[in-house]
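Novice: Please see the structure below; I have some questions.
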Ligand code: GLN
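Residue numbers (our numbering): 53 to 587.
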């Protein structure tokens with residue numbers, strides 16, 4: 053294909069309709085036809101990145117190989133496409149303003165008044181086109197965060213309007229996702245909110261080419277025709293997106309609805325390439341009809357909002373499918389766990405995962421959960437803070453270092469078994485300053501990690517400030533907690549295990565970020581397998 057095609061996905065009527073899933077599904081379908089596709093998310097808030105956001109605000113912060121702290125939608129992009137994203141795939145209003153203001157301070161605008169149009173919109177357009185300029189993508193799909201009509205989204209919609217004019221209809225396309233609510237009392241599906249939402253786009257000079265309508269019930273031909281008529285789109289460009297039990301079915305549904313076909317037609321691209329979706333379909337079958345089920349506890353302090361653990365939840369779906377198993381996740385609030393109730397709260401679980409996190413809230417509950425898993429030979433996976441809790445627990449209850457702690461929780465502990473990393477000591481800014489992104493790790497051969505990865509050289513993504521304190525390395529080793537993964541350049545301990553336990557693995561990195569549908573993460577696969585073997 054000659055020029056990169058740009059597809060914009062906007063949303064209307066309500067938030068959380070799943071623009072990320074629709075974008076990912078379309079991308080998957082185009083990829084299945086042999087095209088190279090990437091997806092970008094533009095977020096309309098003023099934080100420079102979501103790294104400083106509490107998970108209660110926007111769910112999990114997703115980390116890319118190049119160390120960008122990004123929106124959780126990028127996780128969907130990677131899980132669907134199996135192609136790594138980077139800093140350029142997530143841009144916030146904060147980042148846009150920051151670069152425009154930096155330019156202004158440098159004097160780059162030569163005395164001009166700096167304004168939203170054209171300076172902010174130019175910067176938005178530059179960021180969109182940057183991905184296309186890399187030359188490796190046939191399609192760049194840009195998802196505009198927020199909902200049409202929001203004050204914050206306006207500069208983005210305006211940029212889409214300008215780009216549409218610059219690129220022309222042969223090289224760009226606009227998809228608008230809306231909701232068709234169902235009124236139970238009268239048994240009717242209502243299209244008016246969609247009409248209003250498209251009107252609002254039109255007021256901003258943007259005419260969508262394709263409408264995707266989220267709905268709980270089948271849309272009749274009449275409804276589709278009505279929407280097409282009122283919203284100036286072709287009949288075949290009104291696409292139904294009905295609720296399904298798993299997000300992974302959405303690409304198949306969109307294919308049935310002809311979304312990819314319509315998009316290619318509109319961009320004058322021949323559609324004769326064969327769609328290769330066999331492995332995807334097999335995966336969806338396994339998710340929908342599992343042969344077994346296993347219950348695993350997820351111990352964390354953000355469990356009220358499962359989006360806070362999005363990639364972990366998806367990692368279990370991928371790892372479960374390989375094992376023909378549905379993983380029932382039981383969310384356990386670490387703040388409610390005590391020495392007195394832990395055996396009751398965690399009884400019957402076939403595996404326990406202690407989640408990542410920051411700060412001391414809920415720490416004692418996490419340590420109790422580790423202890424329960426260790427003493428009762430329950431398969432255990434500790435991720436980041438979860439691994440650190442495993443180290444603290446072992447120090448306190450096996451090594452007898454009663455006061456052992458992470459320096460994050462106690463500056464004055466006599467046994468700082470988890471300490472601030474050397475390069476973190478002078479750091480004062482919170483944003484983008486952790487140990488972030490992909491680092492290599494060498495895995496010891498006799499270990500559950502090696503049995504899972506089947507290789508000694510791995511790369512995993514990180515997001516933390518604290519580390520295993522190597523001062524205690526041999527104390528742990530002699531007492532039976534073995535560092536089985538080490539960063540060869542820095543000697544940082546990245547994995548710890550207890551070989552006498554059936555499956556006890558703590559990882560300083562985040563395996564969940566790298567689990568995808570067609571490449572389920574080995575640690576999730578192996579953890580689920582270990583859980584299934586518990587009688
Ligand atoms: N708070 C811990 C640290 O900064 C763990 C971080 C995490 O779990 N992502 O080291």
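Just so it is clear, CB atoms sit at the ideal spot from N, CA and C, and this is done for glycine as well.
None of the values given here were measured: they were computed from a predicted structure.
1. Taking just the CA atoms, how far does residue 269 sit from residue 160?
2. Please state if the CB of residue 376 and the CB of residue 343 are separated by a distance shorter than 7 Å.
3. Based on the DSSP secondary-structure assignment, which residues constitute the bridge partners of residue 577?
4. Can residue 357 and residue 565 be called in contact, C-beta distance under 7 Å?
5. Determine whether the beta carbon atoms of residue 494 and residue 538 lie at a separation below 7 Å.
6. Measure how close the beta-carbons of residue 576 and residue 367 come, nearest whole angstrom, since I'm counting them as under 8 Å.
7. Verify the contact flag: residue 417, CB atom, against every heavy atom of ligand 1, threshold strictly below 6 Å.
8. Please report the residue range of the alpha helix (DSSP H) in which residue 380 lies.
9. Go to residue 527, then tell me how far its alpha helix (DSSP H) extends in each direction, as first and last residue.
10. Decide if residue 457 is buried, meaning its Cβ has at least 16 other Cβ atoms within 10 Å, or exposed.
11. Mind checking whether residue 224 and residue 87 have CB atoms under 7 Å apart?
12. Please list the terminal residues of the continuous alpha helix (DSSP H) segment that includes residue 60.
13. In the DSSP assignment, what are the bridge partners of residue 266?
14. Which value, in whole angstroms, describes the spacing of the CA atoms of residue 506 and residue 260?
15. Got a sec: does ligand 1 put a non-hydrogen atom nearer than 6 Å to the Cβ of residue 516?
16. Using only the alpha-carbon positions, how far apart do residue 62 and residue 142 sit?
17. Could you tell me how far apart the beta carbons of residue 267 and residue 307 are, in whole angstroms, since I believe they sit closer than 8 Å?
18. Pick out whichever of 298, 245 and 528 has its Cα sitting closest to the Cα of residue 451.
19. Kindly indicate the opening and closing residues of the alpha helix (DSSP H) around residue 321.
20. Buried or exposed for residue 455, please, with buried defined as at least 16 other CB atoms from any protein chain shown within 10 angstroms of its CB.
21. For the region 341-413, list the alpha helix (DSSP H) runs that are entirely contained and at least 4 residues long, ordered along the chain.
22. When burial is assigned at 16 or more other CB atoms within 10 Å of the CB, is residue 523 buried or exposed?
23. Taking only heavy atoms of ligand 1 into account, decide whether any of them is closer than 6 Å to the Cβ of residue 409.
24. Within the region 106-165, note down every full beta strand (DSSP E) run reaching 3 residues or more, in order along the chain.
25. The beta strand (DSSP E) spanning residue 510 covers which residue range?
26. Count the other CB atoms, across all protein chains shown, that sit within 10 Å of the CB of residue 558; report buried if there are 16 or more and exposed otherwise.
27. Are three or more beta carbon pairs between the region 427-447 and the region 543-556 nearer than 8 Å?
28. For residue 518, which of 473, 184 and 126 has the nearest alpha-carbon?
29. Cα separation between residue 250 and residue 273?
30. Would you list the one or two residues that DSSP bridges to residue 91?
31. Are the region 387-407 and the region 570-585 touching, with three or more C-beta to C-beta distances below 8 Å?
32. Tell me residue 198's beta-bridge partners as DSSP assigns them.
33. Alpha carbon to alpha carbon, how far is residue 75 from residue 483? Give it in angstroms, no decimals.
34. What residues in its chain sit with their C-beta under 6 Å from that of residue 205, if we drop five residues either side in the sequence?
35. Please find out if some non-hydrogen atom of ligand 1 comes closer than 6 Å to the beta-carbon of residue 436.
36. Kindly indicate the opening and closing residues of the alpha helix (DSSP H) around residue 505.
Specialist: The short version:
1. Reading the chain shown from its first residue, position 108 is the one you call residue 160. Reading the chain shown from its first residue, position 217 is the one you call residue 269. Rounded to the nearest angstrom, the two C-alpha atoms are 54 Å apart.
2. Within the chain shown, numbered from 1, the residue matching residue 343 stands at position 291. Within the chain shown, numbered from 1, the residue matching residue 376 stands at position 324. Result yes, Cβ atoms of residue 343 and residue 376 sit closer than 7 Å.
3. Residue mapping note: residue 577 aligns to position 525 of the chain shown, counting from 1. None, per the DSSP bridge assignment.
4. Here the question's residue 357 lines up with position 305 in the chain shown. Here the question's residue 565 lines up with position 513 in the chain shown. No; because the gap between Cβ atoms is not below 7 Å, this pair is not in contact.
5. Within the chain shown, numbered from 1, the residue matching residue 494 stands at position 442. Within the chain shown, numbered from 1, the residue matching residue 538 stands at position 486. It is a contact, given that the beta carbons lie within the stated cut-off.
6. Against the chain shown, residue 576 aligns to sequence position 524. Against the chain shown, residue 367 aligns to sequence position 315. The pair is a contact, with the Cβ atoms about 4 Å apart (cut-off 8 Å).
7. Within the chain shown, numbered from 1, the residue matching residue 417 stands at position 365. No, the beta carbon of residue 417 sits no closer than 6 Å to any heavy atom of ligand 1.
8. If you number the chain shown from 1, residue 380 lands on position 328. Here residue 380 belongs to no alpha helix (DSSP H); instead the beta strand (DSSP E) covers 377-385.
9. To locate residue 527, count along the chain shown from 1; it is residue 475. Run containing residue 527: 525-531, per the alpha helix (DSSP H) assignment.
10. Counting from one through the chain shown, the residue named residue 457 turns up at place 405. Buried, since its Cβ has 16 or more Cβ neighbours within 10 Å.
11. Counting from one through the chain shown, the residue named residue 224 turns up at place 172. Counting from one through the chain shown, the residue named residue 87 turns up at place 35. No, the Cβ-Cβ distance between residue 224 and residue 87 is not below 7 Å.
12. As a working mapping, residue 60 is identified with position 8 in the chain shown. Unbroken run through residue 60 is the beta strand (DSSP E), 57-63; no alpha helix (DSSP H).
13. Here residue 266 refers to the residue found at position 214 of the chain shown. 231 and 293, per the DSSP bridge assignment.
14. Locating residue 506 in the chain shown gives position 454, counting from the first residue. Locating residue 260 in the chain shown gives position 208, counting from the first residue. About 49 Å.
15. For the purposes of this step, residue 516 is taken as the residue at position 464 of the chain shown. At least one heavy atom of ligand 1 is nearer than 6 Å to the Cβ of residue 516, so yes.
16. The count along the chain shown starts at 1 and reaches residue 62 at position 10. The count along the chain shown starts at 1 and reaches residue 142 at position 90. If I take the Cα positions, the gap works out to 15 Å.
17. Position 215 of the chain shown, counted from the start, is the residue given in the question as residue 267. Position 255 of the chain shown, counted from the start, is the residue given in the question as residue 307. Not a contact, Cβ separation roughly 18 Å.
18. As a working note, residue 451 is residue 399 in the chain shown. Nearest of 298, 245 and 528 to residue 451, Cα basis: 528.
19. Counted from its first residue, the chain shown places residue 321 at position 269. Looking at the DSSP string, residue 321 is not in any alpha helix (DSSP H), and its letter there is neither H nor E.
20. Along the chain shown, one-based indexing puts residue 455 at 403. So residue 455 counts as exposed.
21. 362-374 and 394-397
22. For the purposes of this step, residue 523 is identified with residue 471 of the chain shown, where counting begins at 1. Under this definition residue 523 is an exposed residue.
23. As a working mapping, residue 409 is identified with position 357 in the chain shown. Yes; taking the cut-off as 6 Å, the Cβ of residue 409 has a heavy atom of ligand 1 nearer than that.
24. 142-144
25. Taking the first residue of the chain shown as 1, we reach residue 510 at position 458. First-last of the beta strand (DSSP E) with residue 510: 509-516.
26. Counting from 1 along the chain shown, the entry for residue 558 is found at position 506. Classification of residue 558: buried, given that the 10 Å Cβ count is 16 or more.
27. yes
28. Against the chain shown, residue 518 aligns to sequence position 466. Ranking the options by Cα distance to residue 518, first place goes to 473.
29. Numbered from 1 along the chain shown, position 198 holds the residue referred to as residue 250. Numbered from 1 along the chain shown, position 221 holds the residue referred to as residue 273. Spanning the two alpha carbons is a distance of roughly 20 Å.
30. Here residue 91 refers to the residue found at position 39 when the chain shown is read from its first residue. Paired residues: 193.
31. yes
32. Residue 198 sits at position 146 when you count from the first residue of the chain shown. Residue 198 pairs with nothing; no bridge assigned.
33. Taking the first residue of the chain shown as position 1, residue 483 is located at position 431. Taking the first residue of the chain shown as position 1, residue 75 is located at position 23. Taking the straight line joining both Cα atoms gives about 28 Å.
34. For the purposes of this step, residue 205 is taken as residue 153 along the chain shown, with counting starting at 1. So the qualifying residues of the chain are 96 and 198.
35. Mapped onto the chain shown, residue 436 falls at position 384. Yes; taking the cut-off as 6 Å, the Cβ of residue 436 has a heavy atom of ligand 1 nearer than that.
36. Residue numbering aside, residue 505 sits at position 453 when the chain shown is read from its first letter. Here the alpha helix (DSSP H) through residue 505 covers 500-505.
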